[in-house]
Structure formats: structure tokens, C-alpha cells
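Residue numbers (this note's numbering): 168 to 243.
By construction, the Cβ of each residue, glycine as well, lies at the ideal position given by its N, Cα and C atoms.
These numbers were taken from a predicted model, which means no experiment stands behind them.
Following this line, the structure appears as C-alpha cells:
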């Protein structure tokens, strides 16, 4: 992360939200990433980032669990 950069970009050159949208919209699921997982991550990200809903402790824990699951699948 570089302070002068406005948004963090992954090594793929995309921001996290774009990466999740690509995962959700592909015709084949990437290494077994289920659509429910990407939807959970997108909902959590948008709620936390843009304030589109409540993002309390339970939502945070659900989001963290989904992130861990995605990391496990991507590393496999």
C-alpha cells in the first residue's frame, strides 16, 4: 500500500471489489469459489465501505469468515 495511492490494488491490477465481481460473473467458478461466498464478501464490502446498511460486530465476523474461506480457496 502506498500512501499517495487512493485505492489499494492487488497484484492483479484490480481493486478487491472488481476482483469479487469478476469471480461472481464468470461462467465457471474459480477453484471452487461458490457464488454465495462472493455475494457475502460483496455485500459486506459495500456495506462497510459505502454505508449501505448496518455493519456491526456480527456482520464484521461473517465478513472475516468469508475472507478466510476465500483465502483458503485461492491458496489451494
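- Under the three-state reduction of DSSP, residue 223 is assigned to coil, being neither helix nor strand.
- Around residue 237, the same chain offers 200, 204 and 208 as residues with beta carbons nearer than 7 Å, after the five sequence neighbours per side are excluded.
- Per DSSP, residue 211 is one residue of the alpha helix (DSSP H) stretching across 202-217.
- Around residue 212, the same chain offers 183, 184, 187 and 230 as residues with beta carbons nearer than 8 Å, after the five sequence neighbours per side are excluded.
- Between residue 214 and residue 232, the C-beta gap is not smaller than 8 Å, which leaves the two residues out of contact.
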